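I have placed the structure first, in the form of structure tokens, so that the comments after it can refer back to it.
2 protein chains.
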Amino acid sequence: MTKKRTTVKAEETRARILDSALQLFREKGFDEATMRDIAEEAGVATGAAYYYFRSKEDLVMAFYVRTADEARELFPKVIGESRDLQKRIRAILDLKFGQFARHRRLLVALVRIGIDPAHPLSPFGKETEPMRDESIDSFRLAITDSTTRIPKDLQDDLPRLLWLYQMGLILFWMFDESPRQQRTKKLIDGSLDLIVRLISLSALPLMGPLRKRMLDVLSAVE
Amino acid sequence: MTKKRTTVKAEETRARILDSALQLFREKGFDEATMRDIAEEAGVATGAAYYYFRSKEDLVMAFYVRTADEARELFPKVIGESRDLQKRIRAILDLKFGQFARHRRLLVALVRIGIDPAHPLSPFGKETEPMRDESIDSFRLAITDSTTRIPKDLQDDLPRLLWLYQMGLILFWMFDESPRQQRTKKLIDGSLDLIVRLISLSALPLMGPLRKRMLDVLSAVE
DNA sequence: CTTGTAAATTGAACACGTTCAAAAACAAGG
DNA sequence: CCTTGTTTTTGAACGTGTTCAATTTACAAG
């Protein structure tokens, strides 16, 4: 029962619409670029865009899926360059921010969509689970067999925490209007160093109870 | 040069529109309640709503201003009940969450507005500065002359950090669909305890360099 | 080549947030 | 009571995202 015959031509149309959308989003911003603009730029009728994408927001999501596919390819190379924990996390962050750099403004639209828990495209929702898990797993790969010793009981939850940390950084970056977003750069430099230090610190014998307390909070919450 | 004569009747109309809006927002949600609904409920024409409020989102902001006014009155009573740091912060949080409880869904709309750095109503923007400062100052009042000893160099920045912490909690609460939002409750219980412990811990002699490093990051960022 | 069916495409229509010129209500002075 | 200027109110109109019945196109089967 083949439900989709999807010709090559159809795939081309889809790509043309998405490309037109991204171009216009970047030129004029998400709100300013209208679906009629996008369709015209792609050389199709307005309704055609809705044949390929559920909504205007879905176009942004399609962009995100694209970057995720790209990241999947680049990831092994990026992670393989060092076994130092800090350098590895840094490499992941650089990859992500590098991908988003040209579309910083578009990220506002992405977050505005995701911030609604009821929205299917929310980063905490069901539909985005695979991508989220993949992203979290990339941090898991980064910490395993790294040179920094990580307490056993922390190993399970740390990837998720780092993912959350990354989300926070992206949020900050969105708001950062300093030239070339150098404030975000400084924040990453400073905070990442701090975090790695805290992880090392938390491995000290006396820190067991405090660590346990933190992990208890985490497990009670999810 | 009195530019606004604003009669009593006009003020009543404004209040009626805002009340209708909040009622409908709560009944049907922000997106589902249309401006035409709101106007009809208030017994005015559609355009009237735009005479008193710049936009639909502005109605949400007006609600927020209302709660802030209310909080200003309740604050002294709430803070005066104890000198214990944890209890005080807890009291502030309880006040905030108590106010928002009935309108949890509406908060999504509020955050969706605020997440856009370019939007005038963004919580980090110019227009919301007074309210933000007031909120930060409430934390400043809570830590001064509390029983917990707070390192001198930390005293300036801690209020802002706590404000950020509060924002994070509100975000979590927004996504929390557990019965009566008990997961948020647990998170507050656990994290607040942790934070107060960390503050105490950071006051230990050996922690000076780490504290300084953190403060350096903060100052480099803003 | 013809035909039947699914995929692809169209463009008018809908509901929405928002704007605005015009009308109405109101206040103050004569 | 008029007149004049300001505040308030109206409702039609605009541009938007989105839907959908209708049409055209693509292609496999006969």
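Note that the protein sequences, when read in sequence, are chains H and S. Following the working numbering, the numbering of the first sequence begins with 84 at its first residue and continues without gaps. Following the working numbering, the numbering of the second sequence begins with 84 at its first residue and continues without gaps. No residue lacks a Cβ here, since even glycine has one placed at the ideal position from N, Cα and C. Nothing here was measured: the structure is a model prediction, and the numbers come from that model.
Limits of the alpha helix (DSSP H) - the one that residue i falls within
i	result
S302/S	G291 to V304
S274/S	Q265 to S285
T211/S	No alpha helix (DSSP H) contains T211/S, which DSSP labels as neither H nor E.
E156/H	K139 to I162
L204/H	Here L204/H belongs to no alpha helix (DSSP H), and DSSP marks it neither H nor E.
F136/S	It is not in any alpha helix (DSSP H) - F136/S carries neither H nor E in the DSSP assignment.
P262/H	It is not in any alpha helix (DSSP H) - P262/H carries neither H nor E in the DSSP assignment.
T99/S	The residue you asked about is not Thr; residue 99/S is Arg in the sequence shown. Run containing R99/S: V91 to K111, per the alpha helix (DSSP H) assignment.
V52/S	For residue 52/S there is no data in the structure shown, the boundaries of chain S being 84 and 305.
I175/S	L168 to F183
A192/S	R187 to G197
Listed by chain order, chain S residues near residue i by CB distance under 7 Å
i	result
V300/H	L270, G273, S274 and L277
A303/H	K269 and G273
F207/H	F258
Neighbour list for residue i in chain H, Cβ cutoff strictly below 9 Å
i	result
L293/S	L277, R280, L281 and L284
R296/S	G273, D276, L277 and R280
(request) Select from the segment 255-280 of chain S all residues with a C-beta closer than 9 Å to any C-beta belonging to chain H, and list them in chain order. (result) Among the residues of the segment 255-280 of chain S, those with a Cβ less than 9 Å away from any Cβ of chain H are F255, M257, F258, D259, E260, R266, T267, K269, L270, D272, G273, S274, D276, L277 and R280, in the order of the chain.
(request) Taking a Cβ distance cut-off of 7 Å, strictly less, list which residues of the segment 182-201 of chain S are near chain H, in chain order. (result) Residues V191, V194, R195, I198, D199 and P200.
(message) Could you tell me which whole alpha helix (DSSP H) segments of length 4 or greater appear in the segment 225-254 of chain H?
(response) 235-238
(request) Give, in chain order, every residue of the segment 89-105 of chain H whose Cβ lies closer than 9 Å to some Cβ of chain S. (result) none
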